[in-house]
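Trainee: Quick one: structure below, then a few questions.
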Amino acid sequence: MDTDSNSQLLVLKFDKQELKLLELIADGLTNEQIADRIFKGKRTVEGMRKMLLSKTSSKNTAALMAFAFRTRLLI
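Under the working numbering, residues 1 to 75 are what the sequence shown spells out, in order.
Here's what the structure looks like:
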């Protein structure tokens, strides 16, 4: 059986805020520093980061960054 014919293309969409968060994480900023930059609370940023981890099926920030660069969300 051809597995390619059975596989589905998964398309993830990222809004501007999610892309900005990825960029700031890639820059090495902490949750608190990111919160200050985007005018949100630290806990909000923590939640946003967790949602990105879940959305991309990443186990940690390193895997999230690998995903972002591999899929060319970040260049």
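All C-beta atoms in this analysis are idealised placements derived from N, C-alpha and C, irrespective of residue type, glycine included. The model shown is predicted, which means the values in this text are computed figures rather than measured ones.
#1: Leu52 and Leu22: beta carbons closer than 8 angstroms?
#2: If you run the structure through DSSP and keep just helix, strand and coil, what is Gly41?
#3: How big is the Cα-Cα spacing for Ser57 and Phe69?
#4: Go to Lys16, then tell me how far its alpha helix (DSSP H) extends in each direction, as first and last residue.
#5: Should Asp2 go down as buried or exposed, given a rule of 16 or more other Cβ atoms within 10 Å for buried?
Mentor: Well, looking at it:
#1: yes
#2: coil
#3: 15 angstroms
#4: Lys16 to Ala26
#5: At Asp2 the pLDDT is 46, less than 50, meaning the model places this residue with poor confidence; the figure from the coordinates comes in the next sentence. It is exposed - the Cβ of Asp2 has fewer than 16 other Cβ atoms within 10 Å.
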